[in-house]
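> Chains R and X, in that order, give the protein sequences.
Residue numbers are given in our numbering: position 174 of the first sequence equals residue 174, and the series is strictly consecutive.
Take any residue in the second sequence, note its place counting from 1, add 1000, and you have its number in our numbering.
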Amino acid sequence: MQLLDIRNLTLELSTPDGMIRAVDRVNLTLKEGEVRGLVGESGSGKSLIAKAIMGVLHERWKISADRFNWRGRDLLRLPYHEQRRIISRDIAMIYQEPSRSMDPTSPIGEQLAESIPDDLLEGAWWQRGSQRKKRVIALLHKVGIRDHATVLSSYPYQLSEGVCQKIMIAMAIAKNPKLLIADEPTTAMESTTQAQLFRLLASFNQLKGTSILLISHELETVARNTDTLSVLYCGQLVEAGDTATLLKHPLHPYTHALIKSVPEFQPELGFKQQLYALHGSIPTLQHLPIGCRLGPRCPNARKECVKTPIYERQQNHYFSCHFPLSGKTNE
Amino acid sequence: MIFHYLMRRMFLLSFVFVALTIFAFSLGYLFPGDVLSNFTGLRNISPADEIVLRQQLGLDQGYWQQYIYFNQRILDGNWALSFSSQQNVLDEILNVMPATLELASYALLLSLLIGVPFGIIAAVRKDKWLDKLISGFALVGYSIPTFWWALLLIMVFSLTLGWLPTSGRLSVLYEIPRLSGFMLPDILGSDAPYRNEALFDAIRHLLLPSLVLATYPTTVMIRFTRESMLDVLEQNYIKTARAKGLTRLQVLYKHGLRNALLPVTRQVGLQFSTLITLAMITEVIFSWPGIGRWLIDSIYQRNFPAIQGGVLVVSSLVIAVNMFTEILHTLLNPLARK
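Structure below.
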């Protein structure tokens, strides 16, 4: 069954200069047990989509979608408290800025303890306290913090960003969520800890069947750790499909450029050779081009590109481009 | 670490007090009239006494020496005499101070009890009609001139309706021995047969002045708590807490309140100086025998030693309260201990 099925998600912000459509008709699906990557440059709306799924977007944002199904129920059409109940039970998120996502005036132990829902604890109410404590310590060990006594009594400002991130992860997995959204989980970490974290996420995915939505701007890490991939550009979904196929045969010029800009994927790249890059830079949100937003920068752009391309499909491979690169890559 | 912080604060405090005493000392010279009279409070000093007094005060020596003698007299409790009553200024201040402190503390308590909850409600119901109502009232209360508000209340509740007395702390019918100078504890501690009636009467006297005095700080508290709460509710950790599955009430109680109320504790200290200033106006209007009315009377009478002493005591009090709330804020806020 589809765990998450979002169709034409649009996020708009009304500003003095008019409505800004930061996320434009994005589709996103996640099966149970799937690890999906969501890649895009900063400002492409990755985090916004994640926050929209969590339902913690600022109220100034206008959310609309043709379908926003969580296990067959449309979240946007449910009453507010019902929506909150489902989301807080099933979905957890690891935020980008761990130290700012924790209450600065409350010790870590308290914050971690309150993220364990009551129904995960057994026994009578008087046994809950000690159980909760045991579970908190176990969680910390699981995310690789050995010195639990010091950490539990510390305040967030006393810990490094990396440790804070680990605690955020502990909080997220505390309730055994069905979907874990990891919004750039490794930005604050050293590379050894990064590897450790991805192993942890992978084991969580395999042992408990948790689906993971991994949001990142680093294509390499996402490619290594995901089954499927969605690529965003300026709030538009440009391509989605199996990670391996997508990397091998990109259909969209943006994905193509993205892959070519990573040296790791270019074994034949010569010494001191220039990396491939698209011309120009990302447009600001106030000056988004009409139609395909890549239009002005796209090497294959033609007159037709002023119309937004429809979402097309080749087996499990979705793309939205008038002139896909299929001919070129199939050679 | 906390010890270091306290030491630093105390060090700062001592400098402030030095500056304050220098100012109070220089008032003796800055006031019109004879310097010797200003410092001693004596008038018509005979030439023979004058020589002795000058020697005692060190007026024949340098300013520095005089300042040291001045501080010694302050510490010994040997303050100047009031021009009007020829009594030690310190004794007079100690006599009127409790009335002001009592009034100010009830007003402050009232402003916290009303201001903080209403501020929180307004923040939680942001832009709903309840918030608009509370914010509207807060704006009106903030803008209303205290003296006019006091007169208005007297007109309605004392003169027209006749429910509450217009002035004083207690009806002359009741004789309560002075223990601490604070009216309500004194009444409760006395064993007079009319204790309950006296208590009721004292509360009736207290009602209007403390209401008037509380108006401004209450509105400040409402506005400040609302802002602070809104600010906190925008923070990422509130979103995280919501995403964890806590209910709105739990989030508010566990993460919202503490973070939002920390700046409020500091605000209490800052409000205290305004409160004392407003207390002077309130005391004059309600004939409340406190330090404010006493100080204003002294100013009218050109009672220079009294002004000097009153300024010293009132500013010391304000600074001490400020410092106290600052320390309290630090003890409560783990971030400030960084």
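Beta carbons: idealized from backbone N, C-alpha and C, even for Gly.
Does the structure place the region 215-235 of chain R close enough to the region 17-34 of chain R that three or more beta carbon pairs sit under 8 Å?
These segments touch.
> Assuming Arg132(R) is part of the alpha helix (DSSP H), what are its boundary residues?
Per DSSP, Arg132(R) belongs to the alpha helix (DSSP H) from Trp125 to Lys142.
> Using a Cβ-Cβ distance cut-off of 7 Å, determine whether Val163(R) contacts chain X.
Output row for Val163(R): interface = no.
> Please list, in chain order, all residues of the same chain as Ser336(R) whose beta carbon is under 7 Å from its beta carbon, the five residues on each side excluded.
The requested residue 336(R) is not part of the displayed model; chain R covers only 1 to 331.
> I want to know whether the region 164-180 of chain R touches the region 88-99 of chain R - three or more CB-CB distances under 8 Å.
In short, these stretches touch, since the Cβ pair count reaches three.
> Less than 7 Å between CB atoms is the rule here; does Val136(R) satisfy it with respect to chain X?
False, the Cβ-Cβ gap to chain X never drops below 7 Å.
> Starting from the C-beta of Val121(R), find all residues in its chain whose C-beta is less than 7 Å away, skip the five residues before and the five after it, and write them out in chain order.
According to the sequence as given, residue 121(R) is Leu; it is not Val. Excluding sequence neighbours, Leu121(R) sits near Arg128, Gln131 and Arg132.
> Assuming Thr10(R) is part of the beta strand (DSSP E), what are its boundary residues?
Residues Gln2 to Thr15.
> Give me the chain X residues within the contact set of Arg297(R), using Cβ-Cβ distance strictly less than 9 Å, ordered along the chain.
Result: empty, since nearest Cβ-Cβ is about 33 Å, beyond 9 Å.
> For a cutoff of 7 Å on Cβ pairs, would you count Glu331(R) as touching chain X?
With a pLDDT of 37 at Glu331(R), under the threshold of 50, the modelled position of that residue is not reliable, and the figure given next carries that caveat. No, Glu331(R) does not count as interfacial toward chain X.
> Report yes if the C-beta distance between Thr1219(X) and Gly1141(X) is below 7 Å; otherwise report no.
Result yes, Cβ atoms of Thr1219(X) and Gly1141(X) sit closer than 7 Å.
> Which residues, in chain order, does the region 1096-1107 of chain X contribute to contact with chain R at a C-beta distance below 8 Å?
Residues: none.
> From Ala1260(X) to Leu288(R), what does the alpha carbon distance come to, in whole angstroms?
If I take the Cα positions, the gap works out to 39 Å.
> Ignore the nearest five residues each way along the sequence and tell me which others in Ala1107(X)'s own chain have a CB closer than 6 Å to its CB.
Here the set comprises Ser1210, Leu1213 and Ala1214.
> Output the distance between the C-alpha atoms of Lys1128(X) and Ile1134(X), rounded to the nearest integer angstrom.
Going from the Cα of Lys1128(X) to the Cα of Ile1134(X) covers about 10 Å.
> Less than 7 Å between the beta carbons of Ile1176(X) and Asp1186(X), yes or no?
Contact: yes.
> According to DSSP, which residues form a beta bridge with Asp24(R)?
Answer by DSSP bridge pairing, in chain order: Gln236(R).
> Closer than 7 Å by C-beta to Glu331(R): which residues in its own chain qualify, once you throw out the five before and the five after it? Chain order, please.
Annotation note: pLDDT 37 at Glu331(R) (below 50); position unreliable, coordinate value reported separately. Contacts found: none.
> Check Gln314(R) in the structure and name its three-state DSSP category.
Strand.
> Does Ser101(R) have its Cβ less than 7 Å from a Cβ in chain X?
Ser101(R) counts as touching chain X.
> How about Leu48(R) and Ala22(R): are their beta carbons less than 7 Å apart?
In this structure, Ala22(R) lies closer than 7 Å to Leu48(R) by Cβ.
> Could you spell out where the beta strand (DSSP E) holding Lys62(R) opens and where it closes?
Where Lys62(R) is concerned, the enclosing beta strand (DSSP E) stretches over Trp61 to Ser64.
> To the nearest whole angstrom, what separates the beta carbons of Leu1139(X) and Tyr1216(X), a pair I think is in contact under 8 Å?
So it is not a contact: roughly 12 Å between Cβ atoms.
> Can you confirm whether the region 1092-1100 of chain X touches the region 1031-1049 of chain X when touching is taken to mean that 3 or more C-beta pairs between the two stretches lie within less than 8 Å?
The region 1031-1049 of chain X is not in contact with the region 1092-1100 of chain X.
> Give me the Cα-Cα distance between Ser191(R) and Phe198(R), rounded to the nearest whole angstrom.
For Ser191(R) and Phe198(R), the distance between alpha carbons rounds to 11 Å.
> Does the contact criterion of 3 or more C-beta pairs under 8 Å hold for the region 1300-1320 of chain X versus the region 1230-1250 of chain X?
Output reads no: the region 1230-1250 of chain X does not touch the region 1300-1320 of chain X.
> Can you tell me whether Asp1060(X) is buried or exposed? The criterion is at least 16 other CB atoms within 10 Å of its CB, across all chains shown.
Looking at its Cβ environment, which holds fewer than 16 other Cβ atoms inside 10 Å, Asp1060(X) is exposed.
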